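Student:
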Amino acid sequence: MPSRQARLDRHRGWTAAFLLPSVGLLAVFVVVPIGLTIWLSLHTWSTQTPFSSAVYRGLGNFRELLADGPVGRDFRQALRNTFVYAGLSIAAILPLSLAFGLFIHRVAIRGTGVLRALLFSTYMVPTIAVAIVWSKLYSPSEGPFNQILGWVGVSRQPWLSSPDTALRSLVLLNVWQQVGYFTVLVVAGLTQIPDSVYEAAALDGARGPRLLARITLPLLRRTLLFNVVIALINAIQVFEPVAALTQGGPVGSTNVLTYHIRRVGIERSQGGLGSAMAVTLLLSLVVVVSLVFAVNRRGYEA
Amino acid sequence: MQRVGLATVLVVACVAVAFPLVWMMLGSLKTPAESLHTPPVWWPAHPSAEAYRTVARVVSVGRSFRNSAIIAGVTTLGILVTSLMAGYVFAKYRFRGRNALFAAVVATMFLPPIVTLIPLYRMIGWLGVDGRLIGVILPNLANAFGIFLMRQFIKGVPDELIDAARLDGASELRIVFRVVAPTVMPAIAALTLFAFVYHWNSYLWPLTVLQGNTDQYPIVLSLGRLLSYTRSAQNTNQVMAGAALAVLPPLVLFVVLQRFFVRTLARTGLTG
Amino acid sequence: MTKIRRGRALAAGFLVAGLALSGGVASATTPPAGGENVKISFLTHWGPDTVALLQSAVDAYHQDHPNVTVEIKAVPFGDLLTTVRAQAGGSAAPTIAGIYDLWLPELVRDGVVAPAPDAVSQDVGSNWGASTASAATVAGTVYGVPNEIDLYALNYNKKLFADAGITAPPATWDELLADAQKLTKRDGDTISQQGFGLINSWAAGVVHPFASLLASNGGSLITDGKPTLDSKQATETFALYENLVKGVKVTDPTMGTADANTAGPFLDNFVSGKTAMIIMANWWESALKSGMGDQAFADIATAPIPVGPSGDGPHSISYSWMTVVSAKASAAEQAAAWDFLSWLNGPTSGKSGASAMADILQSMGILPSRTSDIAAYTDRLNRPFMEGYVAQLANAKPFPIVVGGQEFTEALQKQIESIEFGQASAADAQKTAQADAESILAKAGGATAGTTAGTSGG
C-alpha cells in the first residue's frame, strides 16, 4: 500500500519531534539514573564527590548488605519493615476497598456518593499533613484515639511509641489515606460487569455470598490484581510519616527503605552502599510483582 | 428495616473516614490551653483564628503557596503537553519498535523514586539547578502515566477526524492540540487534577532539591518546618492550622474536577 | 571544567528543546552577574524567633559593611546535616552553616568546609576553652568558630519529689534507683508516672544521657579512637538500663519517644509532670518554659549526673556547635563570611562586652562558649535552672568526635533502645554495640587513610 507508506514517511519527522520531549526527559531523568544507580552499587563513592571519583569494589557493597554487620542488619530490617508495611497495607486495603466498593455500587440509598467523595478526598491531601494530623490523633495523653478506646474499656495504646505498635500505626494511617483510591477502582470494575451476568446467576439461584464468590470476585480479578500491584508500589514509597514522626524508631521498627536509603546515601554520604540498597529493592520488587502475577495465572488455570 | 441498617453503616463509614480531617479543622481553632488539655477537648469553646495568623507569619504561607503553585502548575502544564504529543504518536502512528518503546515508557511508571534518588540528586547539582524551583520541576515534565492515559483515550478518537483535518491542510502539531485534544477533554481534566495534586503534595523530591532554600519551599515543606517551631503540645493548634492550609487547595481542586477524575480513573484502571 | 560546561549547555539545550515554558522560572533564579557586592548565606536550624535576632545582627553588620549581604536560611534539625551535605554536591551551597561538632571530621574529609584563615585560627585558639576549640579542629587545622556549648545534667521535678517525701536529688545510682521507685506511680500494670525517663527515637537524646551515666561511672564510649563499650564500667551502665526498665520498673520507654524535631512524648510527659527525673541538655530550658509556664517551670531543678559504683564523681557529656564556611564558595565570599563570623562572635557586636552570638544563644537559654561571653553573662547564668549546668562545665567530657561518629551514635542508639524495649538483654546489647562500633570506626578510619582525622577522645 504505497499511500500508507507515504503517510508513514511523512510522519517520520513528527514521530521524532513529538516523542523527543517525553522520551528524552524520561531517558535523561529515569533511565540514566537507573543505570547510574546500578553502576554506583558496584563502587565505593562518597555522594558529595563527582561520579568520576567512584572506586570499583565489585559486589562488595552487596556482600556488606548480606553480612552480619550493623550495615547489613539495619538494611535487612528496613527491607523487612518495608515489605511488612506493604503486606499489611494490602491486606487491609483490598478487603476494605472491596467492601466500600460493593456498598457504594450495590446499595441504592442516597448518600453513597458522599461516602465516595469523602473516601477519595483523603487520597488528595498531602501525606505530610496526614502524618501530622495522625500523630496528634495518636498522642498518648492529648489524643482522641486513646480517649475513645478508654470509653469502650480498652487500655491506652502506645501507638508510635513502641516497637510493637509503631509500624502498624503507620499502616493504619496509610490505609486511611489510600483506601478511597482503590474503592473508586473497585466501583469502576463493578460497573463493567453487565447486569445480564447477575440476572443469569440469579436464575441459577445464586445470591449473597455465593454470588460474590462465584460471579463478582472472578470478574473483578483484573481490578484486584492491579490494586495489589499499585498498593505495593505506593507502600514502598512511604517517607513522610517516618521522616516527620518516628525517624525510623523505636529500635528501628519503622525504618523503611525509602527513609533508610536516603539516610545512608545522602546523609551519611555512602552513595555506593545506598545505591546497592536501591538496586536490591528494585530486584526484590521485580521478584514480588512477578510472584503476584504468577500466583494470579495459576489461579486462572486451576 | 434493612434500609435503616444500611443507612447506619453509611453514616458510621462517613464519620470514620472524615474524622481525621474534622479533627484537624477543630484542632486548628483551639486555644493553646485546649490543645494541651488531657483528656482532649473535642469542641473549641472559643474558636480562634490566632493559630492561622501565627502560622502565616512563621512560615510565610503566601510565598509557600506561590512556590507550590509554580511547581505544580508548570509541571502539570509540561506533563499535559508532553503526554498529548507522545500519546498521539503511540496511538496513531506506526513505526518500528513502537510497542517496545511504549512498554519501556509504561514500565517507568512502576519505579519507586528512591531507586534513582541518589544519582538524580547529584545530577541536579551538576546541572546547576539544585536549590531552585526549576530543579524540582525539570525531571518531572514528562510522566509515563500521562502518556499512557493519553494514548488510551486518543486511540478512541476516530481516524476519519484526523484524516479530514489533514485534508484541510492542518499540520500535525495543530491536529494534536486543536483537533485531538478537544475530544479527550475529560482525560485532560483528570490528568490535570492528578498531576497537579501529585506535585502539590510531593515531598521527598523537593526536600532533596531545595534543601535549606526556604524561599523556594512549597507549602508541604514549610509544613515540615513548622513542626520544629512548635515543639510542645500546646502549639498543636498551629500545627493543625498549617496542615489545614496545605490540605485545602488540592481538596478544592478535587471537588471541582472530581467527576472527571473518577470517571477517567475507572476507564484506565480497567482498559489498561 | 569543559566537561561541566558542556553538561550545562546540554541541559540548557534540552530545556529549550523540551519545553519553552520553563523560561520564566529559569530567568527568575539565575544568579546576578558579579560585582563588588558580595552576597553570602547563613544556614541554621534555629526557630523563627532566634532567626529574627540573627537577622537584626545581620542588619547591624550590613550597616557598616553595605557591600555585604547575608541571607539567612533555616531548616529543621532533622534536615540540617543532609542539607549541608546535599548542597555541597551542588551549586546552592550555603556560604556559612551552623553545624554540630560530631559532623565536622566527615565534612572536612569530603572537602565540604574550608579551613579558617590564620587570624580566625588564632582567635579561636586564644579566646575559647581548649576542649571547645579542639572540637572545631581537625588534624591541627581550625575549620569553624565555636558558638554554643551544651551539656547534660539531671533535671527533676521538685514538686513530685516533695510529694514523694524526697528532699534532695539522687547523687548515686543507688539513690537514683531508690528515689525513682518512690516517684513511680502505677495504674494496674501500666506506669502512670515514671520515676526516671529515658528518651528514644532520637540518636543524641538516647546516646548522650547514656554516655553521661557511663562517664559518671568512670568509663567512656571511645578511648584513643577505639570503642570501649566492653569495659566493666560500660557493663554496669548497660545493666542499669535493664534494671530501670525490667528490674525496678521505674521507666516506661513508651513515655520517652521523641519525634524528628526533638520534641514529642518525652517532652510532653516531663512538662505535664508524668516524668519525675530525666537526663537532658541545658538547651531544652526554653521548650520547658513555654510548655509549663513560668510558675510550673520554677519546680524544675538541675542536679549533677548520679555517680555509678565505679565512678569517681559526676561527669557530664558536652558537645558544641560551630559555624563553618563552605569550601565551594568563591574567595570573596569566603573572606566576607569569615569577617562576618569574627564580628558576630567577637566582643564588639553584642551588649556590654558580649558577642551578638552570645545574646542570640542566651535568648534560647543556651550557654555561649567564648571565654569573654561566659564572663559577660555570669550574672544571668546564675538563674536556678542554668546554674546547675554551668557548675558542671568543668567536669564535662566532650562527646568523642571521630569520623563515622554519627553512624556510631545511631548504632549504639539502637542497642540501648533494644534494652529499653526488652528486645535484647543488657549483655547481648553490649556485645553487639561493641562489635558494631569496632566495624563502623574501622571502616570510617579505612576510608580516611591518609587524610587523618582528629580524635579528641576524653
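Just so you know, the sequences run in chain order A, B and C. So the mapping is simple: our numbering equals the position in the first sequence, first residue as 1, plus 5. So the mapping is simple: our numbering equals the position in the second sequence, first residue as 1, plus 291. So the mapping is simple: our numbering equals the position in the third sequence, first residue as 1, plus 223. Note that CB positions come from ideal geometry on N, CA and C, so glycine has one too. Predicted, not measured: the structure shown is a model, and the values here were computed from it.
#1: Would you please state the rounded distance, in angstroms, between the beta carbons of P369 of chain C and S541 of chain C? I believe it to be under 8 Å.
#2: My guess is that I445 of chain C and V331 of chain C are in contact by the Cβ rule of under 8 Å, so how many angstroms apart are they, rounded?
#3: What residues of chain B sit near V28 of chain A, judged by a beta carbon separation below 8 Å?
#4: Leaving out five residues on either side along the sequence, give the residues of the same chain with a beta carbon under 8 Å from the beta carbon of G348 of chain C.
#5: Please report the residue range of the beta strand (DSSP E) in which R111 of chain A lies.
#6: Which residues in chain A have a C-beta closer than 8 Å to the C-beta of W314 of chain B? List them in chain order.
#7: Suppose you measure from the CA of R161 of chain A to the CA of Y143 of chain A; what does that come to, to the nearest Å?
#8: Do three or more CB pairs link the region 568 to 582 of chain C to the region 323 to 340 of chain C at distances below 8 Å?
#9: Chain B beta carbons: is any one of them nearer than 8 Å to that of L103 of chain A?
#10: Which full runs of the alpha helix (DSSP H) of 4+ residues lie inside the region 377 to 414 of chain B, going along the chain?
#11: Could you check what DSSP says for L64 of chain A in three-state terms: helix, strand or coil?
#12: Does DSSP put W269 of chain C in a helix, in a strand, or in coil?
#13: If you measure from the beta carbon of H328 of chain B to each beta carbon in chain A, is any gap under 8 Å?
#14: Leaving out the 5 sequence neighbours to the left and right, which residues in its chain are closer than 6 Å to F393 of chain B when beta-carbon positions are compared?
#15: What residues in its chain sit with their C-beta under 6 Å from that of K497 of chain C, if we drop five residues either side in the sequence?
#16: From D459 of chain B to L544 of chain B, what distance separates their C-alpha atoms?
#17: Just to make sure I have the definition right: I need the residues of chain A whose C-beta is within less than 8 Å of the C-beta of A335 of chain C. Which are they?
#18: Decide yes or no for the touch test of the region 192 to 205 of chain A against the region 246 to 266 of chain A: beta carbon pairs closer than 8 Å, at least 3 of them.
#19: CB I502 of chain C to CB N380 of chain C, shorter than 8 Å?
#20: Check the Cβ of S174 of chain A against every Cβ in chain C and list those closer than 7 Å, keeping chain order.
#21: Kindly list, in the order they appear in chain C, the residues whose Cβ is closer than 9 Å to that of G353 of chain B.
#22: Which partner residues does F419 of chain C have in the DSSP bridge list?
#23: Which residues in chain C have a C-beta closer than 7 Å to the C-beta of V256 of chain A? List them in chain order.
#24: If you draw a straight line from the alpha carbon of G77 of chain A to that of A206 of chain A, how long is it in whole angstroms?
#25: Which residues does DSSP list as the beta-bridge partners of D373 of chain C?
#26: Counting C-beta neighbours from all protein chains within 10 Å, is the total for P473 of chain B 16 or more, i.e. buried, or is it exposed?
#27: Per DSSP, what kind of secondary structure is A555 of chain C in: helix, strand or coil?
#28: Could you tell me the distance, in whole angstroms, from the CA atom of K637 of chain C to the CA atom of G479 of chain C?
#29: Within the same chain, show all residues whose beta-carbon is closer than 8 Å to that of G422 of chain B, passing over the 5 residues directly before and after it, in chain order.
#30: Can you pull the chain A neighbours of R294 of chain B, defined as C-beta to C-beta under 7 Å?
#31: Over what stretch of residues does the beta strand (DSSP E) that includes T170 of chain A continue unbroken?
#32: What residues in its chain sit with their C-beta under 6 Å from that of G442 of chain C, if we drop five residues either side in the sequence?
#33: Along the chain, where does the beta strand (DSSP E) containing D447 of chain C start, and where does it finish?
#34: For N260 of chain C, count the other beta carbons within 10 Å of its own beta carbon; 16 or more makes it buried, fewer makes it exposed. Which is it?
#35: Given this structure, state the Cα-to-Cα distance separating P75 of chain A from A667 of chain C, to the nearest angstrom.
#36: So, at 7 Å on beta carbons, what are the nonlocal neighbours of G257 of chain C in its own chain, with the 5 sequence-adjacent residues on each side left out?
Tutor: Per the coordinate set shown:
#1: Their Cβ separation, rounded to whole angstroms, is 11 Å, which puts P369 of chain C and S541 of chain C out of contact at 8 Å.
#2: Going by Cβ atoms, the distance from I445 of chain C to V331 of chain C rounds to 18 Å, so no, they are not a contact pair.
#3: Those are A377, L392, V396 and A433, listed as they occur along chain B.
#4: A356 and V365
#5: Note, R111 of chain A: premise wrong, no beta strand (DSSP E); alpha helix (DSSP H) at P75 to R111.
#6: Within chain A, the residues near W314 of chain B are V138, K141, L142 and P149.
#7: 10 Å
#8: Touching, no, given that fewer than three Cβ pairs across the two stretches are closer than 8 Å.
#9: no
#10: Along the region 377 to 414 of chain B, the alpha helix (DSSP H) occurs as fully enclosed runs of 4 or more residues at 389 to 398, listed in sequence order.
#11: Coil.
#12: coil
#13: It does: the Cβ of H328 of chain B has a partner Cβ on chain A nearer than 8 Å.
#14: F381
#15: Q416
#16: 38 Å
#17: At residue 335 of chain C the sequence reads Val, which differs from the Ala that was named. Residues of chain A with a Cβ closer than 8 Å to the Cβ of V335 of chain C are, in chain order, Q53.
#18: no
#19: no
#20: In chain order: nothing, as chain C lies at least about 12 Å away.
#21: Correct list: empty, because the minimum Cβ distance to chain C is about 15 Å.
#22: C:M500
#23: Among the residues of chain C, those whose CB is under 7 Å from the CB of V256 of chain A are K637, E640, S641, F644 and Q646, following chain order.
#24: 55 Å
#25: C:Y542
#26: exposed
#27: helix
#28: 14 Å
#29: V500, L501, Q502, G503, N504 and Q507
#30: I114
#31: It is not in any beta strand (DSSP E) - T170 of chain A carries neither H nor E in the DSSP assignment.
#32: Same-chain partners within the cutoff: S454, Q456 and A457.
#33: First-last for D447 of chain C: undefined, no H or E at that position.
#34: exposed
#35: 13 Å
#36: Residue confidence is low: G257 of chain C scores 41 on pLDDT, short of 50, so the model does not pin down where it sits. Its coordinate-derived value is still stated next. When the five nearest sequence neighbours on each side are left out, no beta carbon in the same chain lies closer than 7 Å to the beta carbon of G257 of chain C.
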